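Numbering (my numbering), first residue to last: 16 to 271.
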C-alpha cells in the first residue's frame, strides 16, 4: 500500500487521527520559525521550550500514525501543549497571550471535552498569574475573551461528537430491516475481543442458516422477520444482516 493510500485509509477511518495530523503539520510549521528566531536572539529558554514543543508534537503525530492510538496521543498533546504554553507565559511576556487562543482551540480538537476544559483553565490561570497583562481591564478582557472562545469550542465539540455518534449509528444498521450490518458486526467482534483479553470470556461467530428460507421472499417478509425477532427476543445475541447471510456473535460460548 502506497503512502497516499495509507493516508487516505487512516484519515477516512479515524477522524481524531486526521485532526492530530492536521494539528501537527500546522503547529510545527508555525512554531519552528519562532524557535529559530529566538535562538538567533539568544532567548535560549524560549527557544528550548519551542523546540521541546515541536519535538513533542512531531513525536505524538508519528506515534499516532504508527499505532493508531489517536485518543491517547490527543490527551498527551493537549496536556503537553498547555503546560508548555503556561511555562512560556513568564518567559516571552505578552506574546504568549496571542498563542493562548490557539492552544484553547487545539485542546478541544485533540482531547475529550473535560480534559480540554481543564487544560485551558490551567493555561488561562497561568496567564492571569504570571503574564504581564497591564492592569485590571486588560486582564478582564483577556479572561472574558478566552472564556468565550472556550465556550464556543465546547459547544462545537459537543455538536460534532453528537453528530458523529448519530452517523455511526446510521452506518451500522441495514437501511431495509434496521438490523446490524457488517460494520455493526465488526464493532461487536472488537468488543468481544476486548472482553476476551480482559476477562478470558469466550465467544463464537455462528452463521444463522435459518434465515436462508427468507431469500426468495419479498422485502415485506424481511420486515416481518425483523418484527418477530424484536417481539420475542428482549436481550442476547442480536442478528446481523450481511448480504445474503445472517450472523450472530454469541458471547460466552466457546467454539465446539
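Every residue gets a Cβ at the ideal spot worked out from N, C-alpha and C, and that includes glycine. Since this is a predicted model, take the numbers as computed values, not measurements.
Checklist line | Distance, residue 117 Cα to residue 168 Cα | finding: Rounded to whole angstroms, residue 168 to residue 117 spans 11 Å at the Cα level.
Margin query: Can you list, in chain order, the residues of its chain with a C-beta nearer than 6 Å to that of residue 107? Leave out the 5 residues immediately preceding and following it.
Written below: Taken in chain order, the residues that qualify are 61.
Notebook entry, point to check: Who are the Cβ neighbours of residue 141 in its own chain at under 6 Å, not counting the five residues just before and after it?
Noted result: Within the same chain, residue 141 has close Cβ partners 101, 104.
Notebook entry, point to check: Is residue 88 closer than 8 Å to residue 46 when the C-beta atoms are compared?
Noted result: No, they are not a contact pair.
Notebook entry, point to check: Between which two residues does the alpha helix (DSSP H) carrying residue 77 extend?
Noted result: 59 to 82 is the span of the alpha helix (DSSP H), which, as asked, contains residue 77.
Next item on the list: Would you decide whether residue 1 is buried or exposed? Buried here means 16 or more other CB atoms lie within 10 Å of its CB.
Entry: One cannot answer for residue 1 here, as it falls past the ends of the chain, which runs 16 to 271.
Notebook entry, point to check: Near residue 94, which residues of its chain fall below 7 Å by C-beta distance, leaving aside the five closest residues on each side in sequence?
Noted result: Cβ contact annotation for residue 94 (same chain, cutoff 7 Å, sequence separation greater than five): 134, in chain order.
Next item on the list: Would you kindly check if the distance between the Cβ of residue 99 and the Cβ of residue 67 is under 8 Å?
Entry: For the 8 Å CB-CB criterion, residue 67 and residue 99 form a contact.
Checklist line | Backbone CA spacing between residue 176 and residue 72 [nearest angstrom] | finding: C-alpha separation (whole angstroms): 24 Å.
Check: Of all the alpha helix (DSSP H) runs that stay within the bounds of the segment 101 to 141, which reach a length of 4 or more residues?
Finding: Taking only runs of at least 4 residues, the alpha helix (DSSP H) segments lying wholly in the segment 101 to 141 are 110 to 125.
Next item on the list: Using a threshold of 8 Å, state whether the C-beta atoms of residue 158 and residue 143 are closer than that.
Entry: Yes, Cβ-Cβ distance for residue 158 and residue 143 is below 8 Å.
Checklist line | Assumed close pair residue 43, residue 69 - CB separation to whole angstroms, cut-off 8 Å | finding: Rounded to whole angstroms, the Cβ separation of residue 43 and residue 69 is 6 Å, and the two are in contact under 8 Å.
Notebook entry, point to check: Does the beta carbon of residue 141 fall short of 7 Å from some heavy atom of the ligand NAP?
Noted result: Here there are no bound small molecules, and the ligand NAP is not part of this structure.
Check: Among the residues of its own chain, which have a CB less than 6 Å from the CB of residue 59, if the five just before and after it don't count?
Finding: For residue 59, where only same-chain residues beyond five positions count, there are no Cβ hits under 6 Å.
Next item on the list: Determine the closest residue to residue 40 out of 29, 155, 76, 48, with distance taken between C-alpha atoms.
Entry: Just measuring C-alpha positions, the residue of 29, 155, 76, 48 sitting nearest residue 40 is 76.
Next item on the list: Please check if any C-beta of chain D sits within less than 8 Å of the C-beta of residue 113.
Entry: Among the chains of the structure shown, chain D does not appear; only one protein chain is present.
Item checked: The alpha helix (DSSP H) enclosing residue 15, as first and last residue numbers -> No answer is possible for residue 15: the residues shown for the chain start at 16 and end at 271.
Check: residue 130 and residue 115: beta carbons closer than 8 Å?
Finding: No, Cβ-Cβ distance for residue 130 and residue 115 is not below 8 Å.
Notebook entry, point to check: Which residues bound the alpha helix (DSSP H) around residue 148?
Noted result: In the DSSP assignment, residue 148 falls outside any alpha helix (DSSP H) and carries neither an H nor an E.
Checklist line | Spatial neighbours of residue 145 in its chain, beta-carbon cut-off 7 Å, leaving aside the 5 residues before and after | finding: Same-chain partners within the cutoff: 104, 105.
Next item on the list: Return helix, strand or coil for residue 56, following the three-state DSSP convention.
Entry: The three-state secondary structure of residue 56, taken from DSSP, is coil.
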